[in-house]
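Numbering (my numbering), first residue to last: 20 to 184.
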């Protein structure tokens, strides 16, 4: 239970804050999107384009369910919360921290939908994804940290304080 698992919307800062957080705590760092890309030998958007969202979701769930780590910050993809087995496993090996960011801020941050590898259905917008995913982030979170605004450093410090470290 000494890992920190970051969940949240695409653009919430899981990967960038995660690296900083790991450095500040002297922890390792794992980005599960990179694990998926390595396993598949393709970028996220290529997996989704070539094999579809269902395949991507199954692969993500399988890979995240097998993550083993100690004293590691684990940054998940924004769609990790759709994998029940993955989230149960991650919850069992660490504390799950939801990086909550306002929809307005996400609109400002996320520009590259087509190459970012965001799992979304045909015709879905960022607003739709936000509405669909927010309740799941809250369901799985042990801790919620508001990361709207503020520097990366300040947001990492908020997470450390919320974790009591």
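For each residue, glycine too, the CB sits at the ideal point set by N, CA and C.
- If I'm right that residue 161 touches residue 94 with Cβ under 8 Å, what's the distance once you round it to whole angstroms? Start at 1 with the first residue of the chain shown, and residue 161 comes out as number 142. Start at 1 with the first residue of the chain shown, and residue 94 comes out as number 75. With a beta-carbon spacing of about 16 Å, residue 161 and residue 94 fall beyond the 8 Å limit used to define contacts.
- For residue 17 versus residue 58, is the C-beta distance shorter than 7 Å? An answer regarding residue 17 cannot be provided, because it is not within the stretch 20 to 184 covered by the chain.
- Message: Whole angstroms are fine: how far does the CA of residue 27 sit from the CA of residue 79?
- Response: Position 60 of the chain shown holds residue 79. Position 8 of the chain shown holds residue 27. Computed Cα separation, rounded: 15 Å.
- Message: When you compare the CB positions of residue 39 and residue 175, do they come within less than 7 Å of one another, or not?
- Response: The residue given as residue 39 occupies position 20 in the chain shown. The residue given as residue 175 occupies position 156 in the chain shown. Between residue 39 and residue 175, the gap from beta carbon to beta carbon is short of 7 Å.
- Message: To the nearest angstrom, how far is the alpha carbon of residue 186 from that of residue 103?
- Response: Shown here, the chain extends from 20 to 184; a query on residue 186 therefore has no answer.
- For my contact list, residue 33 and residue 125 are in at a C-beta cut-off of 8 Å; report their separation, rounded to the angstrom. To locate residue 33, count along the chain shown from 1; it is residue 14. To locate residue 125, count along the chain shown from 1; it is residue 106. Incorrect: roughly 12 Å between the Cβ atoms, too far for contact.
- Reference residue 113, options 88, 122, 157 and 120, closest by Cα: Sequence index remark: in the chain shown, residue 113 carries index 94 (1-based). Checked all of 88, 122, 157 and 120; the closest Cα to residue 113 is 88.
- Range of the contiguous beta strand (DSSP E) that encloses residue 49: The residue given as residue 49 occupies position 30 in the chain shown. Residues 47 to 50.
- Query: Since residue 116 contacts residue 23 with CB under 8 Å, what's their CB separation in whole angstroms?
  - Reply: One-based indexing of the chain shown puts residue 116 at position 97. One-based indexing of the chain shown puts residue 23 at position 4. Taking a contact as a CB-CB distance under 8 Å, the pair residue 116 and residue 23 counts as one, their CB atoms being some 6 Å apart.
- Exposure of residue 150, with buried meaning 16 or more beta-carbon neighbours within 10 Å: Looking up residue 150 in the chain shown gives position 131. Residue 150 is exposed by the Cβ-count criterion.
- Query: Looking only at C-alpha atoms, which of 90, 155, 107 and 60 sits nearest to residue 83?
  - Reply: As a first step, residue 83 must be located in the chain shown, where it is residue number 64. Closest by alpha carbon: 107.
- Item | Within the region 52 to 115, ranges of the beta strand (DSSP E) (whole runs, at least 3 residues) | Within the region 52 to 115, the complete beta strand (DSSP E) runs of at least 3 residues are 91 to 94.
- Once you ignore the five residues that flank residue 128 on each side, which residues in its own chain have a CB closer than 7 Å to its CB? On the chain shown, residue 128 is found 109 positions in, with the first residue counted as 1. Excluding positions up to five away in sequence, the list reads 30.
- Message: Within 10 Å of its beta-carbon, does residue 105 have 16 or more other beta-carbons around it, so buried, or fewer, so exposed?
- Response: Residue numbering aside, residue 105 sits at position 86 when the chain shown is read from its first letter. By the neighbour-count criterion, in which a residue is buried when 16 or more other Cβ atoms sit within 10 angstroms of its Cβ, residue 105 is buried.
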